[in-house]
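Here the sequence shown is numbered in my numbering, starting from 37 and rising by one per residue.
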Amino acid sequence: MKENNIILKAIIIASLIGVVFIAGLILGNKGTISGVEDAGFIEIYFEDIESLPHEVMVGETYPVSFTMVSHEPAAGNYAYSIESGISNLTGNLKLSPGEEKTISVNITTKETLWKFEKSRTQGWNNSISLTNETWFGGQVNLLELLLRGNASLELIDVAKHLPIASNVDHFGAILFTNLSIEELRKKPLRREYAYEDINEGVKYQKLFVVELSVNGNELLLDSTQTETWYKLPEEKFSVTVVSPEGKQYEIHFWHTVS
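Structure, rendered in structure tokens:
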């Protein structure tokens, strides 16, 4: 019995020694047990976030500042790049552990960067008979008056409501000078009318093209209307920093140009 107690005590003592030995190994290798040492990092942030320009006006200048702080264990040279739809900039700087540096740049643009959104085109083909058998055939003087650009609003309104075509109202909108039917027989006349409007970040353009000609006893009108919409896209202003080891850090904000 006494011999068994001695063996049991020996086992307990050996177990305690083993636990202490393993604990010592773990404590001695704290932070490297996975084989990867603790690494630092670079902190980067914009100064005064509330004042960042989210809408950039053409011709105006806006300052933007960002700060880099080194939390690396050693000094290093860092490359940074600034990219936006307005301008790009690159540079290098050296940071020591705990050191911080602030870089300031200006955003200035000379043009609005409109982005195409959609477009729509419509076309019309109308004709008016110039023979004496038609209602308008006996009103050549009225037609010439309209084409010469000396028509009153009443005459234009009459031309818009002539009962000869479903879309003849486009004739009433044509006012040319120094033009006759005979001249149209020799050479068609083409005119363009453009309209543009900008409202709430959307640009609207309308182009109305009219071609007037005479073929035989018919006055022909070919017209197209093209409507195009553009919008102000959001541009990304980003700052990227690359460490000597190739690690990348980025911050950014979005803005429009108007």
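Quick reminder that beta carbons are idealized off the backbone N, C-alpha and C, glycines included. Since the model is a prediction, treat every value here as computed from it, not as a measurement.
| query | result |
| --- | --- |
| Segment limits, alpha helix (DSSP H) that includes Ile217 | Ile217 to Lys222 |
| Which of helix, strand or coil DSSP assigns to Glu83 | coil |
| Buried versus exposed call for His90 [16 or more other C-beta atoms within 10 Å across all chains shown] | exposed |
| Candidates Glu236, Gly237 and Leu243: closest to Ala230 by CA position | Leu243 |
| Rounded C-alpha distance that separates Leu88 from Tyr81 | 12 Å |
| One or two residues paired with Leu257 in a DSSP bridge | Asn162 and Leu248 |
| Extent of the continuous beta strand (DSSP E) to which Gly112 belongs | Gly112 to Glu119 |
| Inter-stretch contact at 8 Å, needing at least 3 Cβ pairs: the stretch 139 to 146 / the stretch 231 to 251 | no |
| Spatial neighbours of Val105 in its chain, beta-carbon cut-off 6 Å, leaving aside the 5 residues before and after | Glu79 and Glu136 |
| Close Cβ partners of Arg156 (< 7 Å) along its chain, the five nearest in sequence each way excluded | Glu263 |
| N-terminal and C-terminal residue of the beta strand (DSSP E) that Leu129 is part of | Asn124 to Leu131 |
| Option nearest Glu286 by Cα separation, candidates Val275, Leu125, Gly252 and Asn113 | Val275 |
| Given Ala110 as reference, the closest of Ala75, Val100, Thr260 and Trp290 once Cα atoms are compared | Ala75 |
| Distance between beta carbons of Leu166 and Leu255, contact taken as under 8 Å | 6 Å |
| Separation of Thr260 from Ile122, as counted between CA atoms | 36 Å |
| Beta strand (DSSP E) segment containing Leu225, residue limits | Leu225 to Asn235 |
| Phe152 (DSSP reduced to helix, strand or coil) | strand |
| Residues bridged to Pro99 [DSSP beta-bridge criterion] | Asn142 |
| DSSP beta-bridge partners of Leu243 | Ala230 and Thr262 |
| Residues of its chain near Lys18, where Cβ-Cβ distance is below 8 Å and the 5 sequence neighbours each way are ignored | Not covered by the structure: residue 18. The range shown for the chain is 37 to 294. |
| Bounding residues of the beta strand (DSSP E) (the contiguous stretch that carries Ser274) | Glu271 to Val278 |
| Beta-carbon contacts of His288 that lie in its chain and below 8 Å, excluding the five residues immediately before and after | Lys272, Phe273, Ser274 and Val275 |
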